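Let me begin by presenting the structure, written as structure tokens, before commenting on it.
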Amino acid sequence: MKRTITILVENRFGSFDRIATMFSGKGFNIHSISIGETEIQDISRMTIVTSGNDQIIDQVVKQLNRLIDTIKVTDLSDMDRTERELALITLPYQKGSIEEIKNISDIFRGFVVDINNKSITLEITGPPAKINAAVNVLMPYGIKEMARSGTVALSRGEQLKTRKMKVA
1177 MKRTITILVE NRFGSFDRIA TMFSGKGFNI HSISIGETEI QDISRMTIVT
1227 SGNDQIIDQV VKQLNRLIDT IKVTDLSDMD RTERELALIT LPYQKGSIEE
1277 IKNISDIFRG FVVDINNKSI TLEITGPPAK INAAVNVLMP YGIKEMARSG
1327 TVALSRGEQL KTRKMKVA
């Protein structure tokens, strides 16, 4: 079962490497990973999608909490959350298929971000399930290239409380 974990870390050299090394060293698989700055200077949020039963995820959370630069680890899997991904998908087209491809893009609220005389590139954002559905519908058109961001997620409703910290 896939699980979504967010980690607030000090934005220092080696933070990402320590987390990735912990996952590989323990044999945990990472399905997707995203990292970026937060509203607090010098703090980054990592969103990791991994898999495992409750015991494995509890072990992951404990291991992550032990790392030097870790501030807060939250398993969002059982919480109300907002998740988004971005996909850039390049497809070849012929005269008859371009309108069909654009219509499919519209259905998924996507955008044409590049077009030339041989291919069209779409941008689609949304929950991972929406991205998967778009990819499945576009597959018969012959996806030439695709890049997906990792999942980013925040809890819904009451926000996680993070106090403003000064990072040395």
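Residues are numbered in the working numbering as their position in the sequence shown, beginning at 1, plus a constant of 1176.
For each residue, glycine too, the CB sits at the ideal point set by N, CA and C.
For clarity, every value in this text was computed on a predicted model and none was experimentally measured.
Judged by DSSP secondary structure, K1271 falls outside any beta strand (DSSP E); it is assigned neither H nor E. In this structure, the straight-line span from the alpha carbon of M1198 to that of E1261 is close to 24 Å. Judged by beta-carbon spacing, E1186 lies within the 8 Å limit of I1247, meaning their Cβ atoms are closer than that value.
Residue state for E1215 is assigned as coil, using DSSP reduced to three classes. Contact annotation, G1318 with L1267: C-beta distance approximately 6 Å; criterion of less than 8 Å satisfied. Judged by DSSP secondary structure, S1331 falls within the beta strand (DSSP E) whose first and last residues are 1328 to 1331. In the structure shown, F1192 falls within a helical segment according to DSSP collapsed to helix, strand and coil.
Secondary structure note for K1306: its alpha helix (DSSP H) is the uninterrupted segment 1304 to 1314.
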